[in-house]
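Protein chains in written order, with my numbering: chain V, 1 to 114; chain R, 115 to 226.
Where is the CB? At the ideal position from N, CA and C, for every residue including glycine.
To start, the structure itself, in C-alpha cells.
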Amino acid sequence: DAGVTQSPTHLIKTRGQQVTLRCSPKSGHDTVSWYQQALGQGPQFIFQYYEEEERQRGNFPDRFSGHQFPNYSSELNVNALLLGDSALYLCASSGKGTQVYEQYFGPGTRLTVT
Amino acid sequence: EDKVVQSPLSLVVHEGDTVTLNCSYEVTNFRSLLWYKQEKKAPTFLFMLTSSGIEKKSGRLSSILDKKELFSILNITATQTGDSAVYLCAVENNNAGNMLTFGGGTRLMVKP
Numbered sequence: 001d002a003g004v005t006q007s008p009t010h011l012i013k014t015r016g017q018q019v020t021l022r023c024s025p026k027s028g029h030d031t032v033s034w035y036q037q038a039l040g041q042g043p044q045f046i047f048q049y050y051e052e053e054e055r056q057r058g059n060f061p062d063r064f065s066g067h068q069f070p071n072y073s074s075e076l077n078v079n080a081l082l083l084g085d086s087a088l089y090l091c092a093s094s095g096k097g098t099q100v101y102e103q104y105f106g107p108g109t110r111l112t113v114t
Numbered sequence: 115e116d117k118v119v120q121s122p123l124s125l126v127v128h129e130g131d132t133v134t135l136n137c138s139y140e141v142t143n144f145r146s147l148l149w150y151k152q153e154k155k156a157p158t159f160l161f162m163l164t165s166s167g168i169e170k171k172s173g174r175l176s177s178i179l180d181k182k183e184l185f186s187i188l189n190i191t192a193t194q195t196g197d198s199a200v201y202l203c204a205v206e207n208n209n210a211g212n213m214l215t216f217g218g219g220t221r222l223m224v225k226p
C-alpha cells in the first residue's frame with residue numbers, strides 16, 4: 001500500500017510563471033490538505049479539499065488555488081510566482097472519521113523560484 | 115488566530131544528553147496538541163496530547179501537556195545521533211477539522 005505520493009520531487013521556476021503540484025492520497029483516504037513550509041519554518045496550512053471542494057482555507061492569496069479529482073488526488077496551482085513562494089510544499093491525506101494524528105504527510109515538492 | 119511558538123530555535127547536544135523542547139500555544143477552541151519529527155521531508159507523528167491524555171511516553175521520548183498554562187514539552191533522554199531532526203509542535207482547533215497550526219520547529223543536532 002503506497003502512502004501519500006507527490007510529484008514532482010523538485011521544481012525550479014522563474015518569477016511570474018505558474019506551477020502545478022500533484023498529490024495522490026494514501027489508499028482509503030478522501031481528504032487532502034496542502035501546507036507550505038518555507039526554509040527554517042514550520043508548515044503553514046494552505047487549504048483542504050474534500051468531496052472535490054475546498055473545505056477550509058488558510059491565510060494565502062488567491063494566487064494559490066487547488067483542485068480535487070474524483071479519485072481523491074489533488075493539485076495545487078500557484079500563479080504569478082514570487083521569490084517568496086520558494087518552499088517545500090507538503091500534502092497530507094486523511095480519511096472520514098480518522099483522527100488528526102492519522103493524517104499522513106507526503107515527502108513534499110521542493111519549489112525554487114528564481 | 116491560533117498561534118504556536120517553539121523554543122529553542124536550535125539545540126546542539128552530545129550523545130547521551132537529555133533535552134527538553136518547549137511549545138507554547140494559543141488556540142480558540144483546543145482539541146489536541148501534536149508533536150512531529152521531521153528528518154528530511156515528511157513530518158512523522160510522535161505524540162498526540164488531549165484533555166484526556168496529558169502525558170505520553172514512548173521509549174526515550176516523553177511529552178506532557180499543561181492545559182492551564184498552555185504549553186507542552188517534549189523530553190528526549192539518552193539522545194542518539196538518530197534523534198537529530200527538526201521537531202514540530204502543532205495544535206488542532208476543534209472548529210477546523212484536520213487542519214493543524216504548526217510552530218516554527220526546534221532543530222536538534224546530536225553529536226557523537
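In the structure shown, the three-state DSSP call for V:Gly66 is strand.
DSSP places V:Ala2 outside any beta strand (DSSP E), giving it a letter other than H or E.
Not a single C-beta of chain V is nearer than 8 angstroms to the C-beta of R:Gly130.
The alpha carbon of V:Arg55 has as its nearest neighbour, out of V:Gln68, V:Thr14 and V:Phe105, the alpha carbon of V:Gln68. Distance from R:Met213 to V:Ser7 at the Cβ level is roughly 24 angstroms; contact not present, criterion being Cβ atoms closer than 8 angstroms. For R:Lys151, the enclosing beta strand (DSSP E) stretches over residues Phe144 to Gln152. For the pair V:Tyr101 and R:Leu148, the CB atoms are nearer than the 8 angstroms cut-off.
In the DSSP assignment, V:Lys13 falls within the beta strand (DSSP E) that extends over His10 to Lys13. Chain-order list of chain V residues neighbouring R:Glu206: Val100, by C-beta distance under 8 angstroms.
Contact residues of the segment 145-158 of chain R toward chain V are Arg145, Ser146, Leu148, Tyr150, Gln152, Lys154, Lys155, Ala156, Pro157 and Thr158 (C-beta to C-beta distance below 9 angstroms). Residue contact with chain R for V:Phe60: absent (no Cβ-Cβ distance below 8 angstroms to any residue of chain R).
Within the segment 73-100 of chain V, contact with chain R at the beta-carbon level (separation under 9 angstroms) is assigned to Leu88, Leu90, Ala92, Ser94, Thr98, Gln99 and Val100. Contact of V:Gln41 with chain R by beta-carbon distance below 8 angstroms involves Gly218 and Gly219. Exclusion of the five residues before and after V:Asp85 leaves Val78, Leu111 and Val113 as the residues of its chain whose Cβ lies within less than 7 angstroms of its Cβ. The alpha carbon of V:Leu82 has as its nearest neighbour, out of V:Thr5, V:Val4, V:Leu90 and V:Lys13, the alpha carbon of V:Lys13. Relative to V:Ser74, the option among V:Ala80, V:Gln48 and V:Thr98 whose CA is nearest is V:Gln48.
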